[in-house]
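In the numbering used here, the protein residues as written are 30 to 584. To start, the structure under review is shown below, and the notes come after it.
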């Protein structure tokens, strides 16, 4: 039964929902430490089969190119330029369709297990236009123009995949349509993982020898991922991932991840050391690959790269960016192992170099310094634990008003109750609070939820990730997709009364500053309060502990 039955928390979920926040948080955090999300083994089999299907599709599409696609002579063609181009195009297409990351139970999707195209091809669904007042491409509901624009990107990508050689015209068209699609709906730009694939496609389109540009993109992704982990958040990420590991399940092992379970669930010293070692490796590895032309530096860089991505992949983290990790490993070999003679700075076009400088250096730097301004994805703060997030509290059964929105997927409990009993469905969703609060950033909730409502037991708790997944069709850890802007769109259609829906928006911690900003909204009345929380103070307390002082350092 372990194959299909989830591991439920030991507490009675209906009694748990009536507890005060500190005790509720304590119980769910202790449950997360030993059980993680509790997904059945069938869930992990689902993801492994999906990755196998992704790789099989790459072989299939490579087969349209003479000399490529055969498993018998894989060693002769795996690093062919067209094979790499098709890998990039396939991965972007699967991401944009919602079939790769942000799919399945580890993202809050059960039946159906995918969002993406079910929303993006349907007029009337909710979107987040970059400029809401812009004629034709603005607004908050998807139009036929939006659908056609998205379908054009998918259609062009598939056309390129079935072509013997992908025409430069296809890449040029995508280089125009992908950002245009992002203007119409920034969700689509992020869903396509365009911060990675768009600059690479731009290199395909505009550089005759695009290897150098593709290397620059890959190096920037690794480097900024390392930079963003130079914080106090990442050790808690390692703890949360290990507690949800599909293989490392013995409870004695999971207890060792924390200082002194159950009294102290902050990361143990060796967990923190492992996190910092991984950060150091993620910074050194791209530096080795950037300048290695062969020999032990290249070998060491590739070994470190494989180790990093294997660690992430083996944890099957929430949001499940598994295909992206496979693509990164393949790209590491196809670019750096196969072409050590090409340096990342050998970009022949000054305009392209300036675009890459902006997207690979300026934007991530600004995103780390001013995280409230930019998505953590375009800032390349991958799995650093330092993300914006939101919490949505619905009073009583007021969440039923969300049915006024066009949502191709049913409410999360309705999905789960097709598979499990109602109490099991609520127990599964209750673990989301544990996931959030076990991260360092989530410890702010013990301080901020009491500012939102007087009686938490009167409200249903939903993480913003669940809301954006249901309303927008895609979620990937970016709280900017489910902040006050989405709340305003929801309120226009649903008309919540005062006190029926409260939303907390918490920003990421800026680089070199010790605080995180927050805002609390009532759906009808707007902003209730705002302020900052002290990250250093949160490091010294348990996730369920209330703060001993509200002082926030100015810095």
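Beta carbons are placed, not taken as given, at the ideal position from N, Cα and C, and that holds for glycine.
>> Once the 5 residues before and after residue 456 are set aside, which same chain residues still bring their CB inside 6 Å of it?
In response: The answer, listed in chain order, is 37, 38 and 42.
> Is residue 504 near the ligand HEM, judged by its Cβ being under 7 Å from some heavy atom?
Replying inline: This structure simply doesn't include the ligand HEM, nor any ligand for that matter.
> Between the segment 91–109 and the segment 53–71, do at least 3 Cβ pairs fall closer than 8 Å?
Replying inline: By the criterion of at least three beta-carbon pairs nearer than 8 Å, the segment 91–109 is not in contact with the segment 53–71.
>> If I measure Cβ to Cβ from residue 119 and keep anything under 7 Å in the same chain, skipping five residues before and after, which residues do I get?
In response: Excluding positions up to five away in sequence, the list reads 86, 87, 90 and 190.
>> Measuring alpha carbon to alpha carbon, tell me which residue in 196, 156, 260 and 206 is nearest residue 180.
In response: Comparing Cα positions, the closest option is 206.
> Can you tell which of 463, 525, 514 and 502 has the C-alpha that lies nearest to the C-alpha of residue 266?
Replying inline: Ranking the options by Cα distance to residue 266, first place goes to 463.
> Are the segment 301–316 and the segment 239–258 in contact at 8 Å, needing three or more beta carbon pairs?
Replying inline: With the cut-off at 8 Å, the segment 301–316 and the segment 239–258 touch.
> Distance, Cα to Cα, residue 434 vs residue 495?
Replying inline: If you take the alpha carbons of residue 434 and residue 495, they lie about 15 Å apart.
>> As an exercise, report each continuous beta strand (DSSP E) stretch of at least 3 residues that is fully enclosed by the segment 237–306, in chain order.
In response: Fully enclosed beta strand (DSSP E) runs of 3 or longer: 287–289 and 293–296.
>> Please return the same chain residues whose Cβ sits closer than 6 Å to the Cβ of residue 548, not counting the five positions on each side in sequence.
In response: Taking residue 548 as the centre and dropping the five residues before and after it, the same chain places the C-beta of 534 and 559 closer than 6 Å to its C-beta, in chain order.
>> If I measure Cβ to Cβ from residue 372 and keep anything under 7 Å in the same chain, skipping five residues before and after, which residues do I get?
In response: Once the five neighbours on either side are set aside, the close Cβ partners of residue 372 are 241.
>> For residue 232, which residues in the same chain have their Cβ closer than 6 Å to its Cβ, ignoring the five residues on either side in sequence?
In response: Contacts found: 239, 242 and 243.
> Can the beta-carbon of residue 408 be found less than 8 Å from the beta-carbon of residue 400?
Replying inline: Taking C-beta atoms as the reference points, residue 408 and residue 400 count as a pair closer than 8 Å.
>> Considering just the uninterrupted stretch of the alpha helix (DSSP H) at residue 59, what are its terminal residues?
In response: Residue range 50–64 is occupied by the alpha helix (DSSP H) that includes residue 59.
> Can you tell me where the beta strand (DSSP E) with residue 555 in it begins and where it stops?
Replying inline: Counting along the chain, the beta strand (DSSP E) containing residue 555 begins and ends at 555–563.
> Rounded to whole angstroms, how far is the Cβ of residue 125 from the Cβ of residue 203, which I believe are closer than 8 Å?
Replying inline: Rounded to whole angstroms, the Cβ separation of residue 125 and residue 203 is 11 Å, and the two are not in contact under 8 Å.
>> Counting C-beta neighbours from all protein chains within 10 Å, is the total for residue 224 16 or more, i.e. buried, or is it exposed?
In response: Flag for residue 224 reads buried.
> Of the choices 424, 139 and 111, whose alpha-carbon is the least far from that of residue 483?
Replying inline: From the listed residues 424, 139 and 111, the smallest Cα separation to residue 483 is found for 424.
> At which residue ranges does the segment 351–396 contain complete alpha helix (DSSP H) runs of 4 or more residues, listed in the order of the chain?
Replying inline: The DSSP assignment places 351–360 and 379–386 as complete runs of the alpha helix (DSSP H) inside the segment 351–396, in order along the chain (cut-off: 4 residues).
> What are the residues that DSSP puts in a beta bridge with residue 421?
Replying inline: Bridge partners of residue 421: 491 and 532.
> For the alpha helix (DSSP H) that contains residue 545, what are its first and last residues?
Replying inline: Per DSSP, residue 545 belongs to no alpha helix (DSSP H); it is in the beta strand (DSSP E), 544–551.
> Candidates 175, 54, 128 and 553: which alpha carbon is nearest residue 79's?
Replying inline: Of 175, 54, 128 and 553, the smallest CA-CA separation from residue 79 is found for 128.
>> If you measure between the beta carbons of residue 136 and residue 443, is that distance less than 8 Å?
In response: No, the Cβ-Cβ distance between residue 136 and residue 443 is not below 8 Å.
>> Bridge partners for residue 170 per DSSP, in chain order?
In response: DSSP output for residue 170 lists 155 as bridge partner(s).
>> So, with DSSP's three-state summary, where would you put residue 411?
In response: Three-state result, residue 411: coil.
> Looking at the structure shown, is residue 447 part of a helix, part of a strand, or coil, going by DSSP?
Replying inline: Coil, per DSSP.
> Going by beta carbon distance, what residues of the same chain come within less than 6 Å of residue 537, once the five residues before and after it are set aside?
Replying inline: Only 400, 415, 416 and 417 meet the Cβ criterion.
> Apart from the five residues just before and just after residue 525, which ones in its own chain have a Cβ nearer than 7 Å to its Cβ?
Replying inline: Excluding residues up to 5 positions away in sequence, 427, 430, 552 and 553 lie with their Cβ nearer than 7 Å to the Cβ of residue 525 in the same chain.
> Which residues in the same chain as residue 579 place their Cβ atom closer than 6 Å to its Cβ, once the five residues preceding and following it in sequence are excluded?
Replying inline: Legend: pLDDT at residue 579 = 49, less than 50; position of this residue unreliable, no value from coordinates given.
>> Taking the straight line between their C-alpha atoms, what separation do you get for residue 357 and residue 500?
In response: Rounded to whole angstroms, residue 357 to residue 500 spans 30 Å at the Cα level.
> What did DSSP end up calling residue 406 once you bin it into helix, strand or coil?
Replying inline: Three-state DSSP puts residue 406 in coil, outside helix and strand.
> Can you give the Cα-Cα distance for residue 44 and residue 530, rounded to whole angstroms?
Replying inline: For residue 44 and residue 530, the distance between alpha carbons rounds to 22 Å.
>> One question on the structure: do residue 492 and residue 406 come within less than 8 Å of each other, judged by their Cβ atoms?
In response: No, these two residues do not count as a Cβ contact at 8 Å.
> Which one of 168, 146 and 195 has the shortest CA to CA distance from residue 112?
Replying inline: Closest in C-alpha terms to residue 112, from the list 168, 146 and 195, comes 195.
> So, using beta-carbon positions, are residue 262 and residue 473 closer together than 8 Å?
Replying inline: It is not a contact, given that the beta carbons lie outside the stated cut-off.
> Beta carbon of residue 282, beta carbon of residue 213: below 8 Å?
Replying inline: The answer is no: Cβ separation not under 8 Å.
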